[in-house]
Structure formats: C-alpha cells, structure tokens
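Trainee: Those protein sequences? They're chains A and B, same order as listed. Here full-length UniProt numbering is used: the first residue of the first sequence is 1, the next is one more, and so on. Here full-length UniProt numbering is used: the first residue of the second sequence is 1, the next is one more, and so on.
Protein chains: 2
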Amino acid sequence: MNQFDRVRQLAAQLRVDSIRCSTRAGSGHPTSSLSAADLMAVLLVGHLRYDWDQPEQANNDHLIFSKGHASPLLYSMFRAVGVIGDAELVDSYRRLGARLQGHPTPVLPWVDVATGSLGQGLPDAVGVALAGKYLDHLPFHTWVLCGDSETAEGSVWEALDKASFYKLGNLTAIIDVNRLGQRGPTELEWDLRRYAARVEAFGCRALIIDGHDLDAIDQALTEARLATDKPTVVLARTIKAKGVPEIEDKNGWHGKALPPEMAERAISALGGVTDLLISTDAPQRLASAITADPTAHVTLPRYEVGEKVATRVAFGAAIAALAVRPEIVVVDGEVGNSTHADEFQKVCPDRYFEMFIAEQQLIATTVGLAVRGYVAFASTFAVFFSRAFDFIRMAGISQVNIRLVGSHAGVEIGEDGPSQMALEDLASVRAVHGSVILYPSDAASAVRLTAVMADTAGIVYLRTTRGAYPVIYGPDEEFPVGGSKTLRSTPKDQVALIGAGVTLHECLAAADQLANTGISARVIDLYSIKPLDRENLIEACRVTGSRLVVVEDHYPEGGIGSAVLEALADADVHALHLTHLAVRGLPTSGTPAELLDVAGISSRHIVAAAERLAGR
Amino acid sequence: MNQFDRVRQLAAQLRVDSIRCSTRAGSGHPTSSLSAADLMAVLLVGHLRYDWDQPEQANNDHLIFSKGHASPLLYSMFRAVGVIGDAELVDSYRRLGARLQGHPTPVLPWVDVATGSLGQGLPDAVGVALAGKYLDHLPFHTWVLCGDSETAEGSVWEALDKASFYKLGNLTAIIDVNRLGQRGPTELEWDLRRYAARVEAFGCRALIIDGHDLDAIDQALTEARLATDKPTVVLARTIKAKGVPEIEDKNGWHGKALPPEMAERAISALGGVTDLLISTDAPQRLASAITADPTAHVTLPRYEVGEKVATRVAFGAAIAALAVRPEIVVVDGEVGNSTHADEFQKVCPDRYFEMFIAEQQLIATTVGLAVRGYVAFASTFAVFFSRAFDFIRMAGISQVNIRLVGSHAGVEIGEDGPSQMALEDLASVRAVHGSVILYPSDAASAVRLTAVMADTAGIVYLRTTRGAYPVIYGPDEEFPVGGSKTLRSTPKDQVALIGAGVTLHECLAAADQLANTGISARVIDLYSIKPLDRENLIEACRVTGSRLVVVEDHYPEGGIGSAVLEALADADVHALHLTHLAVRGLPTSGTPAELLDVAGISSRHIVAAAERLAGR
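(1) Using the beta-carbon of each residue, which ones in chain A are nearer than 9 Å to PRO72(B)?
(2) Near ALA610(A), what residues of its chain come up, given a Cβ to Cβ distance below 7 Å and the 5 sequence neighbours on each side ignored?
(3) Are the beta-carbon atoms of ALA159(B) and GLU557(A) separated by less than 7 Å?
(4) Note down, in chain order, every chain B residue with its Cβ under 7 Å from the Cβ of VAL432(A).
(5) Anything in chain B within Cβ reach of ARG542(A), meaning under 9 Å, just list it in chain order.
(6) Quick one: give me the first and last residue of the alpha helix (DSSP H) that LYS346(B) is part of.
(7) Using a Cβ-Cβ distance under 7 Å, would PHE356(A) count as near chain B?
(8) Please classify ASP553(B) as buried or exposed, where buried requires at least 16 other C-beta atoms within 10 Å of its C-beta.
(9) Using only alpha-carbon positions, find the residue among ARG6(B), ARG183(B), ARG194(B) and GLY600(B) that is nearest to LEU276(B).
(10) With respect to the beta strand (DSSP E) encompassing GLY461(B), which residues constitute its N-terminal and C-terminal limits?
(11) Which runs of the alpha helix (DSSP H), 4 residues or longer, sit entirely within the region 405–453 of chain A?
(12) Could you tell me which of GLU150(A), ALA454(A) and PHE384(A) sits nearest to LEU426(A), measuring between CA atoms?
(13) List the residues that DSSP assigns as beta-bridge partners of TYR352(B).
(14) Going along the chain, which residues of the region 559–586 of chain B sit with their C-beta nearer than 7 Å to a C-beta in chain A?
(15) For GLY406(A) and ALA80(A), what's the separation of their Cα atoms in angstroms?
(16) Along chain A, in chain order, which residues have C-beta atoms closer than 8 Å to that of GLU150(B)?
(17) Taking any Cβ of chain B, which residues in the region 373–391 of chain A have a Cβ under 9 Å from it, in chain order?
(18) Cβ atoms of GLY434(B) and GLY482(B): under 7 Å apart, would you say?
(19) So what's HIS580(B) in DSSP terms, helix, strand or just coil?
(20) Just by C-beta distance, which residues in the region 76–98 of chain B are closer than 9 Å to chain A?
(21) Relative to the alpha-carbon of THR450(A), which residue among THR186(A), LEU532(A), LEU595(A) and THR299(A) has its alpha-carbon at the smallest distance?
(22) Give the secondary structure of SER528(A) by DSSP, where H, G and I count as helix, E and B as strand, and everything else as coil.
(23) For the alpha helix (DSSP H) containing THR544(B), list its first residue and its last residue.
(24) Name the residues in the region 113–147 of chain A whose C-beta lies less than 8 Å from a C-beta of chain C; which are they?
(25) Does the beta carbon of residue 619(B) sit closer than 7 Å to a beta carbon anywhere in chain A?
(26) Among the candidates LEU595(A), ILE601(A) and SER602(A), whose CA atom is the shortest distance from the CA of ARG94(B)?
(27) Could you tell me the alpha carbon to alpha carbon distance between GLU359(B) and ILE402(B), rounded to whole angstroms?
(28) Buried or exposed for GLY333(B), going by 16 or more other Cβ atoms inside 10 Å?
(29) With DSSP as the reference, please indicate the residues paired to GLY147(A) in a beta bridge.
(30) Mind listing which residues of the region 409–422 of chain B have their C-beta closer than 7 Å to chain A's C-betas, in chain order?
(31) Quick one: does PHE353(B) have its CB under 7 Å from some CB of chain A?
(32) Give me the residue from SER32(A), MET355(A) and SER589(A) with the minimum Cα distance to LYS240(A).
(33) Check whether chain A comes within 7 Å of ILE174(B), counting only Cβ atoms and requiring the distance to be less than that.
(34) Could you tell me which residues DSSP pairs with SER279(A) in its beta bridges?
(35) Mind checking which residues open and close the alpha helix (DSSP H) that includes ILE472(A)?
(36) So, for ALA114(B): in the same chain, excluding its five sequence neighbours on each side, which residues have a beta-carbon less than 6 Å away from its beta-carbon?
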C-alpha cells in the first residue's frame, strides 16, 4: 500500500468516524469535520511529528484545532493513532463525564488549549511557536487548523501580524475554506486570492491549494515545514460535508448531526468502518534550552516603611528580581514603561516579548507560553484586559496558569478620565473559572505578591495602582494567597473598615480620625480578593456586631463589596450592617484625590459611614 | 489671504493651543496632537461639512477621534470654530467638572462616542457610515482620525473588513503615522507601503501622503469624499511633535506635557497665540430617510400558558413584531439562526446587518447606529459578548443606548461544553456603567422584555435560554424594568426560592416538592437583574426570617446571588441565611438536565437547600 493509499484510507476513516460519533451523540459538527478530513489525514501520515505515548515530550509538534467545533475530526485522529479506542469515540462523545467534549479541552493530554470560541487557537499557537523559536530553541512545528469564518475575528490578524513580526517560520495555519458559515456563505466565500492578499500583506506566506487534493496538501505541508522565517498559511479550498454528496456544499447543515439513516448511507459509501492504525513520526528527543529553576535565589527589592512608592513600580522591581528564574517570561502590551514591566526587559531582554497594542494577542501569547511550561506574566493597564476578556475566560477553561498584571486601576489614575480607569475588572475577572485576584496596597506587599503569583496556579491577576503611597509593611512580611492583614484592632472595635489598594490608605486615615472622636475602628487589608479570608471577616463581624464599611475603587457591582457579601452570605453572624463605598456614577477627569473624594471613597466618606454605623 | 495661508495659520494655532492646554494641565498628549495638526487643519477648512450651531442636524459630517488621546488637538479645533472659548480650553482641560476631559466623551455635543481605548473609534464610525448609506440615505461623510499604534488592534481590521464589505465610500480613516508609540517605535514605523498593502487587501482604498504637505492632504481628502463604494484610508506620514523641533520624532515624549519653558519657546516659534476663527461649510439641510415612530402599532406574539417555547424563540418573534417601528435595527454576529434574530431579517432585511464572526464590530456597529438615533439590537451567543467587553464598557462611557441579546446562557446549553456557556456574563455586564439586565424565564416575559428594552436607555442586556420551557405568564402580563414576580407566596412562607431564566423553573418544581413535605416556599422570578426589585426581596426576608435560596446558571461570583446580597447589604432585615446555588467548578458536556443537576442548581438541590434552611 503506498503512502497516498494510506492517506486516502485514513481520510475515509476520519470521515466515517466523524459521522459515527456525532450521529450517535445526536449533535456536533460533522460537516465542518468532513471538509478538513483530507488536510488532517495528510498531516497525520506525513508531517506531524508526535510521540503519542509521551505527550509531554518537549520536541513534539503541536496541533491546535482553532476551529474547535471540528472536534469529531480531532477525536477521530486520536482514534487513528491509537490513543483512544472506538468505544470511547463513539459511545462517550459529548456525554456527561467524558473527556471527548463538544469542543476540545486540555482534559485530553494531546490538546494544548480549549477552543470553541473562534479566532483563539491561532493566537494561542503564536505563543507556542514563539516559545519554540526564542526560548526552547527546539525544531518542533506548530500546526493550526482554522475555519474560514473565524478569519472575520480581528484576533486572527493580530496573530498573523505577530507571527510575521517574530518571523515564526515554525508556525503553519491551515485554513479550511469551506465557504459556508453557520448561517450561510462566509464573507469571502471561495475567493482564495483575497485571503492570500490579506495573509501576505500581514507578512505571512500564503499557499493556495485544493484541500481535497492529497498531493497538493502534501506539497504545501512539506513547504510549510521547511519555512525559515515566515509563517505559512495554507489556504485550502474545501467542500463542507465533503464525502457525503447529498449534503456537500449545502447550506443548513452546520452544527447538525446526520440523521441515522443518512449516516448509515454515508458510512457505507465511504467504505464502512475501518480500523486503520497510523503511527506518526516521533520527533527527535531533544530538551528545551531552558530548564525551569523555581529554586533560583531571588533577591527581592526592599523598601522602608513610610517611603512613598507606587505598587506598579514595586511590581517592576520585583519582576526584574525574578528574572533569575529562567522560566519566567514577560509579555507587554506597549505600555511596559507605565506598568513598569520594562524593568524586566532591562535585565532580561531575551525573555521579554512586545505585543504592541493587541491585548487579545497579549493574553494568547501568555497562554501559549504557559502551554510550553513557562511562567508567563502579561501586563498592561488593568482596564485593557477587558479587551481580551474572552481570551481570559477561555484560559480559565484551558486551566493554564497565567499571570496578569494590570496597572492604573480605578479613578485613582486621575486626569486621563474614565476610558483609562479599570472599574469593572474585579467583577469580570472574579467570575473567570480558576481566577485568583491579588491587590496590594503598598510596595512591600506588591513585591511579595509578585513573587507569590509566580508560584500560584490559575488565572492570577495582580491589580496595581498608579500613584505612590506610603509603604505599610516591613520587607519580610508574608502575604499568602487567601490571607488578609488586620492593621488596627482592639477587642472593642465598633466598626471594621475594609479596603485594598488605594482605599486601604483611606481606611487607615479614616481610622485615625475616628480614633480622635472616640470610635474604635478595625482596619483590614483585603489584599487577596479571591480567594478571600472569610475567617477574618467573620471575626470582624463578631467583634463589631457586623458593622462593616467596605471601600473600593471599582464600580459597586461584583467587586470587593460583593466578594465580602458572598463570603458572609451563610455565615453565622449578626445581621449585617454593611456600608459599601464604591464608585457610583460615571467618573470624569480630575486629580486622584479629587476623584476619590467625588466618588465617595475617600477617608472623609469612610469616617461618615463609620460614624453612622457606630451610632446604631 | 488664500486658502492655504489660512490652513497654515490654523495648523499653527492648533499646535499652539494643543501645547497651551496640556502644559497648563500638566498632562496630556501634545506630541500626538502636533503630528496630526496639519491633517485636521485641512479637514476643518476645506472638507468637514458641519453646522456647529446645530450638532443634531442630520446631515452633518461626523468626525471621530479614534486616537482619543489627541484630545488637545480636538479641543483646539473646537476653539477654532468658536464653540468653546479660550478660557475653557486653557483653564479647564483635564480638570474636575470640565467637559474637556483627558479623552473625549459625548458630554461634548460635537463628540459622538467616547474614545481612549484604542481601536474603537474606527469600528464605531463604520456603524455611523452604515446608517448614513443604508438607513438615512444622507450624503454626510464620516471622518476618523486614527493613530498608527492602534492598527495593531484586530478590531481595526474587523472595521475595515466590514467597511469594504458594505461598500462604505462615505467613510474615511486618516491614519496619523507618526512612527512612535507610547514606549518606542511602532511595528511598521514609516513603512507606509506595508500599511497600504494591508488596507487594500482588506478592500479599502489607500492613499499615501506626506501628512505635513497641505496640498497633498487637501487632494487626498477631496478624493476621499468623492469615493463611491470604497472606504478610503489616508496613510499620512507624519512626525510626532511636529512643530517643536527640539522634540520632533524623539522617543520618550509620548503622553507628556511640555514643561512651561519649552512650551513658551515652542509657542513663540509657532507664531504665538492667535484667534483665527474658522467657519466650516455647513451641510445641505436634509432629513434622514427614516423617521422614528415609537408609537407604531406593534402586535406582539402571544403564547398559551404551559406551551413549551424557548425564550430565544420568543425574542425572535418579538423582534420581528417590532420591525414595524422604522427606527429598529438588528445586527447579527453570524448566529442569527440560533439567537433567532433572523426572524427580523425575514420581515425586514433592509434593517438587518450581518457582521459575521466579529463581535467587536458587532457592538461597534450597534454603537454607531445608536449615535445616528436608531434603536439597535445586537445579538449573538451570550458568551461571545465577552469578546467585545471593552466595547461594551466604552459604550457605557459613551452613554449611548444599545440593546444586547445573548442566547445560550449557562450550562443549560448542554453538549457543546464550557466554551459556549455564558457563565460570567451577568458579573461582567452588571459592572458596566449604565447597564440594565433582563433575564426572562418564559416566552411571555421574553416577548414583553424585548419590547421594553426597545424603550429603555442604557446598555440593555437580555439573556435568553437555549431550551424550551413552559410559558408561565399570560400574554398581557407586564414586566417593568426593576420589577420581579412573586409566583408562590403565603404569609407563612418559611423560605424564599429566587431564580431567573432556567432556574426559575427549577424553583417552581422545588416549591411543589417542598409543599408535599409541608414546607411553604415563596418563589420569586427575578427577571430584572439590574436594577433589582429590592423591596420585594426585603419583603421576602421579613416573611421568611431572611431564609433565601438564590439559584443561578452562572458562576458564583458577581451574578444574581451577588446582586441580591448587594441589595440587602444595608437593609434592616434579620441576619441572612442565604444559600447560593450557582455553577461551581468547570462544567463539561452533558444533557441540559444532567448539567443543571451536576452544577447543583436543579430542583433537588434547591429542595435540599430549602429544607436545611427551614430546619434552622
């Protein structure tokens, strides 16, 4: 049996299996799988270098299905290489408890990232390829199967732009141009020349092929692998539902399983169920040029108590100190001089990557680096992470570990006005699966928390502040995730003032003023917003009769106030008297002090709220 | 004085004024203003048709500063046309309470949308131009000033793609290619040919000019206005800080006011302070082809109580019924057959716009339509609004009225898995300034709420469900924003079950089961998540001793549970015993019923929670 016979047989089997599993499940996207079956058959037989027994092998190629809805095809490939059995494919697909979910997730060891939100797999792959070329120095190749519809997402163009900027010849996107989206024809349909013009204008090499011509596919993938400094985009003209003539290229069949009888006819016409087993070439066994050393001796910066230092400045100093750990990488969104991430660049330019103003790619690169095992930090203004919220959400589903550092949070930024103020970041990031949120109020805690987040799993978000405020803690104070600090307390506190970041300083000032009027106020630094130190809040309730003032530089919904309320919802405490001071109404320009005051979160408002509560 | 002398004088004045206001404020982006001063001087004198006394005039051109940080230039233009005075410009810029904020917002009557988050002004402008061409049928032109750095945002390419797809010859983007971003050179620096290749590949006409050659600018803008079916992108090679030789084209001067002495030198070299007053051509006084008719007779669909209908289906029927109102427009994200927005297309194809899979542009188009006075609905899967979260946030700052309809919320969607499940949408959208969130549980309320949202101001979000559930309400029941419905109640209720959407049906089933075991449970339909019916919740607390079960198909953070807790935080009620049932952990594939149960939000979990609370 020659190579092409094998490929042809494999393509038929992938089609049959894609139909079988989706028809059995009663849902899924078989037609979107059928269009790409020839592409993936050629890739699997002749191009993908992967040791299926050792998915963790450093030099394995990567294969990312950016069109995650073609999961029947991906899972059929897994069956063809023998890592899942026929029963798992056919009986478990899309069922409760199964690994073979509707869209791929890394619950499967051969899947790098969760996909299904279109236009994300390719950006993630850019991060993977970047690691391969600049950090690992390994010859693995990163292959991505994209849909044509998803090229309407701007994120795809952010990805191709960065792929060409970084000369990622080790990256190939294969676009399955099957002309039909979910509800009808795509914008460009089969106009492959227009696709090619866009791809080339963005600095990548475009190869136009017939996506059902096995020889043409083979040549294109060979050429792609040989590329040196240009990423390749294979533009494959394909037919949706190819292999099932009665519905080929027909609208109305997106995301629909074939009815059993149609499936049976199709399977039989395709040659029936087969058990072809494919062994792909294993890659050379090579190790990454970088070996993680989490125990490397890090000398963190130290500050004097009382010294005025912005937490973003402290972050910059801390991340620069962490550069001695070879696995730490920093990705910037063209604001490194504001977030102070560029302090890392100064000491370690080789592990600092500039994504320019492209926050979706900023997160995707970080995800790709995390897939390759790096401890990657992304930083930009806190508010601009909102541009990549869907990417952060999907990173949560991928269960990768990424570190996000957002500066310039809240009205405290002052004159630039509301477009630059993160006021909904705590609400949105808190809701992401697996997120951890840290919010230091001074340089000492910012330094410690930066170090802590390097060793914390999940979507770890650090919120930093623009202005300089006094250092509160000594340099050896520790800040575990989930903890809090009680800065003022007596057994007779009448009220507890709870803040984080800039508002903690307002709480401290308020407590001093309250003391002058004879009101004893506890002050809690809630530096860990998620998880939250529930026990300490309950203790504060016990002491104060549940009289709490929570103050945050954030809109009232979903932030620190909500986090406190959620933690206490079913706690056995006195009825809450919680005054929530947050930014109500749309802020404007002004000085930081003016804006804190106008928003009602400055010390005088805290004093007034505490006095009202204490008077009860 | 000939035309070019005037332009040259105006350009000098714009530069002088940009320097003056930012130096006086001590912050701002003068250098990014100086690079574009010649471009804007030519536009103002010879091309912009605008009646400054009547900003609401329908046929006025639009001018959007996508590079919002160049606000000194924009405000200097406003002074040059006489709508703001010198004192306001120089003394109020960036100060508390001023209209002239750090980045422009529509607090100013000549500003359409808030900008400052880069890569949004151009997408918004696409919506404005789309309205002009397809709805208003007016010859106004939409001009956008873009920065070069922001072309790294994928959203810019989504915008140009849609601009060319819809043949928006009435749109011109002027890109101020000044080569320097915030922290250094841009990706493409002054390689205008590569910019042009990208622009042309995306179907627009590229005109490369020297952005300081007044004649070249004039020719380009003339040509741009004459365009018929292709949007124009003027690629202007400029020099950052042009006009202040000591810092021209120098890195390190982004976002910095000139120190007073340097400012004085520069102003003097530029000819000093002048008071040139420009009168722009007023447009022809023409009315839009569409006149809003909010009183048009709408016959809403009616359903029988008990009939099983998905809320997304009811939305489709309702939006189709609303098509008799000529101001209603629907924008789709390539899923209209799933969200059922395409029911509108069937009856009113002329006011239905397809954005394909480009959610950022989906929102931006909706914002642009709203700027033109249309009642625009955007719809996609609820989860994919997360892709455009920054656009939704900025729409909140723009204080425009847009309607978002998100289908397929929560684990209830079933087999497709977590990538398609909106589980953080309530948290994120709740935190947006001016948002209103409605969440119908049945077809009758979905219909009514669709009609209500057409007449509700703000960022109004309707969350719909995939599956079909029984109609609960009669067709004449009303659902005001901020209300709730108490579906089961006695004066002796021991516990209140609070749900919305799919979980309301689970609450009703639980209440029936609890009744069998002798526990009287109140059931509340919290169809208005923001604003919330606080009074009814307080009443439920009074009756039940604050024993509440809140159940939602959403992650635990920031959703309905938090909204309830926030509302009750300082209410004078018995200590809360609130059990919050929400989706904890990462969901998988499965049937809707299985997933609701695994997530702990099905009726049996509600029963168990209520029994525990009632047993206290």
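Built from N, CA and C at the ideal position, the CB exists for glycine as well.
Mentor: Judging by the given coordinates:
(1) Residues of chain A passing the Cβ test: none, with the nearest at roughly 12 Å.
(2) VAL495, LEU497, ALA510, LEU514, ILE519, ALA521 and VAL549
(3) Not closer than 7 Å, so no.
(4) GLU424
(5) Going along chain B, no residue has its Cβ under 9 Å from ARG542(A), so there is no contact; the nearest lies around 12 Å.
(6) Per DSSP, the continuous alpha helix (DSSP H) segment holding LYS346(B) begins and ends at 342–347.
(7) The C-beta of PHE356(A) comes closer than 7 Å to at least one C-beta of chain B.
(8) That one is buried.
(9) ARG6(B)
(10) According to the sequence as given, residue 461(B) is Tyr; it is not Gly. Segment 459–463, the beta strand (DSSP E) holding TYR461(B).
(11) 425–430
(12) PHE384(A)
(13) VAL330(B)
(14) Those residues of the region 559–586 of chain B that come within reach of chain A (Cβ to Cβ, closer than 7 Å) are GLY561, SER562, LEU565, GLU566, ALA569, ASP570, VAL573, HIS574, ALA575, LEU576, HIS577, LEU578, THR579, HIS580 and LEU586.
(15) 44 Å
(16) ILE357
(17) VAL383, PHE384, PHE385, SER386, ARG387, ALA388, PHE389, ASP390 and PHE391
(18) no
(19) Note: HIS580(B) maps to strand in three-state DSSP.
(20) For the region 76–98 of chain B, residues whose beta-carbon sits nearer than 9 Å to a beta-carbon of chain A comprise TYR93, ARG94, ARG95, LEU96, GLY97 and ALA98.
(21) That would be THR299(A), whose Cα lies nearest to the Cα of THR450(A).
(22) strand
(23) 534–544
(24) No chain C is part of this structure, whose protein chains are labelled A and B.
(25) Any property of residue 619(B) remains undetermined from this structure, which presents chain B solely from 1 to 616.
(26) LEU595(A)
(27) 14 Å
(28) That one is buried.
(29) ASP176(A)
(30) GLU415, ASP416, GLY417, PRO418, SER419 and GLN420
(31) no
(32) Taking only the C-alpha atoms, the option nearest LYS240(A) is SER32(A).
(33) no
(34) Partner(s): none; SER279(A) has no beta bridge.
(35) No alpha helix (DSSP H) holds ILE472(A); DSSP gives it neither H nor E.
(36) THR105, MET394, ILE397 and SER398
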